[in-house]
Every structure is written in C-alpha cells, then in structure tokens.
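Asker: Numbering (my numbering), first residue to last: 182 to 368. Note that beta-carbon positions come from the ideal geometry of N, C-alpha and C, so glycine has one too.
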Amino acid sequence: STFHLDVKAQMVASSSYFHGDWDVYRYARSIHPDTVLDKLPMSYFLDFPLRLPLHFLVDDAKEKIFLLSPSKLFGDPWLFGYLIYAKLPFILIDLLVGILLAANINGQKSKKILMIWMFNPFTLWATLMIGQIDIYIAFFILLSYILVKKSNFYWAALILGIGGAVKSAPFLVLPFLIGLVPGVKNK
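Set out below in structure tokens:
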C-alpha cells in the first residue's frame with residue numbers, strides 16, 4: 182500500500198473523532214499548524230464508522246507519529262498495515278460499487294462488468310493506491326441512479342444530497358436523474 186497526503190488528511194479527521202473532537206479542522210490545526218483539511222466535513226465523517234470496528238488494532242503512539250510526520254515511519258512494517266487500515270473504507274465502498282453494478286446488470290454481462298470494475302487500473306490507482314474519496318461519489322451517484330430506476334425518488338434525492346455533502350460533483354448528474362423521473366420530461 183502506498184502513502185499519499187490525502188490519506189493523512191482522512192486519518193487526521195478519523196483521529197479527531199476517535200479522540201472525541203467533532204471539529205476536525207480545529208483538531209488538525211492543534212496537531213500541526215501545517216495540516217490541511219480541504220474537503221467538506223461529510224467526506225471525513227464517512228470514513229469514521231467504517232474504521233470504528235478495527236480501531237482497537239491501531240497503535241496510538243505510532244499513529245501520532247504518522248499524523249505529525251509520516252516520513253518518520255517510512256520503512257517501518259507497521260506503516261503498511263496502517264495504510265491498509267486507512268484505506269479500508271475506500272476498499273469496502275469500491276467493492277460495494279462493483280457489487281451494485283453487477284447486481285443491476287442482467288445475465289452474463291454482470292460478471293464481466295464486475296471484473297472490469299474490480300480490475301480497472303484507474304479505480305485501483307485512485308482508490309487503493311492514493312486513497313481518493315472519489316469512490317464515495319461514484320457510490321452515491323450509482324445508488325441514486327438505482328433508486329430512481331426503482332421509483333424511490335425521495336431516497337434517491339437523499340442519497341444524492343449526501344454525495345453532494347462529500348463533493349459537489351453528484352449535483353452535476355442531478356438534471357439527468359431528474360430526467361428519468363416519469364412525468365418530468367413532459368413539463
């Protein structure tokens with residue numbers, strides 16, 4: 182697993198929640214004044230419940246070193262496991278996106294779609310190597326689309342809204358999703 186500054190930002194936020202400080206931006210400044218959290222609050226909060234079950238495995242002393250100066254841990258075998266733990270939410274959501282894609286395609290194509298998604302080098306790089314939050318956006322857009330197709334418009338709107346609270350990109354697909362709602366095209 183590789184290190185990227187985006188992973189550090191996500192872990193600073195998770196550490197904030199684990200220490201009972203729900204203001205991740207203030208917590209980040211208290212750890213180190215140069216720590217930058219430049220994403221919307223929901224993008225940091227989504228990781229927390231997905232990391233919660235395994236947090237007992239984290240060595241708090243080494244995590245503090247990671248949050249202050251990750252390069253001090255380069256070469257330490259602990260860092261490899263920690264980076265997997267750090268990227269676990271992205272890995273789980275990536276798997277869920279693949280399953281949702283496959284589950285909503287009929288026949289033999291579903292396996293092919295799943296394999297294409299799971300072994301797509303762009304997804305692997307962004308999600309597993311760098312730890313980008315864009316997989317959350319893909320998840321919320323896909324889930325909203327599925328809900329619109331099943332005529333669950335309110336749930337689709339809520340899910341898309343949560344996605345928009347992570348990054349504004351889901352709102353770009355809003356006109357297309359609205360176009361799928363029966364009766365809207367005629368108005």
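Apart from the five residues on each side of it in sequence, which residues of its chain come closer than 7 Å, Cβ to Cβ, to ILE318?
Answerer: GLY344, VAL347, LYS348, ALA350 and PRO351
Asker: Excluding the 5 residues flanking LEU358 on each side, which residues of the same chain have their C-beta closer than 8 Å to its C-beta?
Answerer: SER325, TYR326, VAL329, ALA337 and LEU341
Asker: If we ignore side chains and look at the alpha-carbon of each, how far apart do PRO230 and ASP215 end up?
Answerer: 26 Å
Asker: Let me make sure I understand the geometry here. Which of TYR198, LEU233, GLY279 and LYS290 has the alpha-carbon closest to that of THR308?
Answerer: GLY279
Asker: Under three-state DSSP, which class holds VAL188?
Answerer: helix
Asker: Which one of GLU244, HIS185 and LYS292 has the shortest CA to CA distance from SER156?
Answerer: Past the edges of the chain, shown from 182 to 368, lies residue 156, and the structure says nothing about it.
Asker: Is DSSP giving VAL217 helix, strand or coil here?
Answerer: In the structure shown, VAL217 sits in coil (DSSP, three-state: anything other than H, G, I, E or B).
Asker: Tell me the start and end of each unbroken alpha helix (DSSP H) in the stretch 252-314 that is at least 4 residues and wholly inside, in chain order.
Answerer: 258-284 and 290-299
Asker: Skipping 5 residues on each side, what residues in its chain have a beta carbon closer than 8 Å to that of LEU323?
Answerer: VAL278, LEU281 and LEU282
Asker: For the candidate residues TYR335, VAL188 and PRO363, whose alpha-carbon lies nearest to that of PHE247?
Answerer: Taking only the C-alpha atoms, the option nearest PHE247 is VAL188.
Asker: Do you know how far the Cα of PRO356 is from the Cα of PHE237?
Answerer: 44 Å
Asker: Give a yes or no on whether the C-beta atoms belonging to ASP228 and GLN191 are separated by under 7 Å.
Answerer: yes
Asker: Rounded to a whole number of angstroms, what is the C-alpha to C-alpha distance between VAL354 and PHE320?
Answerer: 13 Å
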